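In full-length UniProt numbering, the protein residues as written are 1 to 640.
Encoded as structure tokens, the structure appears first; notes follow it.
Put into structure tokens, the structure is as follows:
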């Protein structure tokens, strides 16, 4: 008998070899119709693959993240098939599923592929999808694979790096591609497709390699879902943080300063500082101590931490001193510096936990083609903190950090999230440092804390940091998009590499555990996501300009200054629009600039010590005394 364990813990028994589809049918015909992929012992497989021994099985539908991955990966095969039918001399490279849709990198040679070709590719994809061809996978020898792709240097390079005996081809209809699997049952499930974009991309992401054309697409099981997605895309364009950042005068970029290095304008600097003040106050209440570290560090620091070995090739090149021949790096991470701060003093178990926090700017080299506004930059400020604690304190400290992250989300209007438990890759542990014992302890601590807090969780293998597992918070924004915001990591390894210790109650040396955490992640990326989530309509307490005073003529500027002084004396900053413009235009400009409150002042207001209040999106609220306005604004700005 073969025992199949399902996610709810129930067990089904089968006499002979069984497929995930058979398992689905044994539950219900409806589930069988909707099952498009499956996980067997944590590995994604075809639903027709045979299971010949006891296993855990998770059935995946379109509504599952990994179900969509299989759907979009299969759609990439359809895209490649359509491209080859129109461009038989093109050379295919890779075509993975991505967060929303899929892409295929193609060498079109001398031929030009552009937006005018999108429609014919879409029609051909749908035409081929309607054939309802099954995806079949077969093993091939390395020699057979190399022979099949002898005219394709890209596929040849991939095959040469594969182990003989583990190479597979996948076929649907008349099209075959090098692929390791993970498909939907047949092409007929794909009912709607859209080619979204074509952009340049270097082979294997290396600027020294040939530039290819990356063709992006997306597909759905229903036309209605594609229509809704495209509507969300149009709304996303309106909310693009790069567009809003320019309109609201928050940040800019300069070629002379350098790509990926944002410049914060006065309004943006105010927003940035308000976020720092908000989290800084929460951290102080939670017992954190602020530290500050340099923007560079000696190369040996990052060799010790392991960052140089893992990321050195992708970092900015070392800075060499003129005379001594020493090498320094632009700081890629704050944690090695904080380890040295901890190491600078002796600690007793009575002193722990130590919680060091820093809004530290770090630098990482990103290829120019990967840069994107504030979400992908080369210089960014992390809301970083590192907690050094005893093993007995680990769970409590981890749960306290969870509370801080949830408080941050709630205060900033992010209501929907999933906590992703990011673990090591089961198959490739060489990417990580540290012993299996320490990894197991760290992973168990995260699982236990998440369960105790009742967090909605998913587990993702291969997403851990190289020094430890993580709890990553995946937040859903107003458009239904998922963003990774906030991370908490458990680390037994850096304390070993830096030889950190404390003196225990037994008067012996003991190794502390290290928690890395960043509720925002980075200020730059967080601001970008917040702008798109709110469409630029920031909560009042975060607005760089909470209010603007609009005198209807220059005769009332002195009274406007009196109002401004009163507000500023109550620590509520704004400004006066003293332009020689009509009041209607001033109001329209304030609305466009997304200023929450407008105080209109004329003869009546000046003579009665009042202001006429307008609120963005609501219009005229009436006339209020100055005392009432101050009270109203204080309440609004403190209502986080």
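All residues carry an ideal CB built from backbone N, CA and C; glycine is no exception.
The structure presented is a predicted model; accordingly, all values stated were derived computationally and were not measured.
- DSSP places residue 333 outside any beta strand (DSSP E), giving it a letter other than H or E.
- The region 137-150 makes no contact with the region 99-106: fewer than 3 CB pairs, one atom from each, lie closer than 8 Å.
- Exposed is the label assigned to residue 585, since fewer than 16 other Cβ atoms lie within 10 Å of its Cβ.
- The residues 465, 468, 470 and 516, in chain order, have a CB closer than 6 Å to that of residue 489 in the same chain once the five nearest residues on each side in sequence are set aside.
- By the criterion of a C-beta distance shorter than 6 Å, residue 629 is surrounded in its chain by 611, once the five residues flanking it on both sides are discounted.
- The criterion of a C-beta distance shorter than 9 Å is satisfied by residue 293 and residue 337.
- Residue 551 is bridged by DSSP to 601.
- Taking every protein chain shown into account, the CB of residue 538 has 16 or more other CB atoms within 10 angstroms, so this residue is buried.
- Secondary structure at residue 275: helix, using DSSP grouped into helix, strand and coil.
- Distance from the Cα of residue 92 is smallest, within the candidate group 177, 418, 114 and 56, for 177.
- When C-beta atoms of the region 252-272 are compared with those of the region 327-336, fewer than three pairs fall below 8 Å, so the two segments do not count as touching.
- Residue pairing of residue 251 in beta bridges, as defined by DSSP: 264.
- Excluding residues up to 5 positions away in sequence, 191 and 192 lie with their Cβ nearer than 8 Å to the Cβ of residue 222 in the same chain.
- Around the Cβ of residue 567, a 10 Å sphere holds 16 or more other Cβ atoms; the residue is buried.
- In terms of Cα proximity to residue 189, the closest of 149, 127, 243 and 619 is 127.
- Shown here, residue 284 sits in a helix according to DSSP, grouped into three states.
- DSSP, read as helix, strand or coil, puts residue 405 in helix.
- For a cut-off of 8 Å, the C-beta gap from residue 473 to residue 454 is around 14 Å, too long to register as a contact.
- A distance below 6 Å between beta-carbons, with the five flanking residues on each side excluded, links residue 600 to the following residues of its chain, in chain order: 550 and 612.
- The region 76-93 makes no contact with the region 21-39; the number of CB pairs closer than 8 Å stays below 3.
- Take residue 331, set aside five residues on each side of it, and the residues of its chain with a beta-carbon closer than 8 Å to its own are 293, 294, 295, 296, 297, 337, 360, 361, 362 and 363, in chain order.
- Apart from the 5 residues on each side of it in sequence, residue 279 sits with its Cβ closer than 6 Å to the Cβ of 383 in its chain, given in chain order.
- For the pair of segments examined, the region 378-396 was found to touch the region 500-519: the number of CB pairs separated by less than 8 Å reaches three.
- Per DSSP, residue 87 is not a residue of any beta strand (DSSP E), being assigned neither H nor E.
- Under the DSSP assignment, residue 176 falls in the beta strand (DSSP E) whose first and last residues are 175-178.
- A straight line joining the alpha-carbon of residue 301 with that of residue 432 spans about 18 Å.
- Put simply, the backbone Cα of residue 284 is about 12 Å away from that of residue 291.
- Around the CB of residue 333, 16 or more other CB atoms lie within 10 Å, so the residue is classed as buried.
- Here residue 542 is near residue 530, since their CB atoms are less than 9 Å apart.
- In this structure residue 199 is exposed. Its beta-carbon is surrounded by fewer than 16 other beta-carbon atoms within 10 angstroms.
- Cα atoms of residue 614 and residue 576: separation of roughly 15 Å, rounded to the nearest angstrom.
- Collapsing the DSSP output to three states places residue 573 in coil.
- In the three-state reduction of the DSSP assignment, residue 460 falls in the strand class.
- Under the three-pair Cβ rule at 8 Å, the region 441-457 counts as touching the region 488-505.
- Apart from sequence neighbours up to five positions away, the residues of its chain that approach residue 320 with a beta-carbon distance below 6 Å are 327, ordered along the chain.
- By DSSP's assignment, residue 483 forms a beta bridge with 475.
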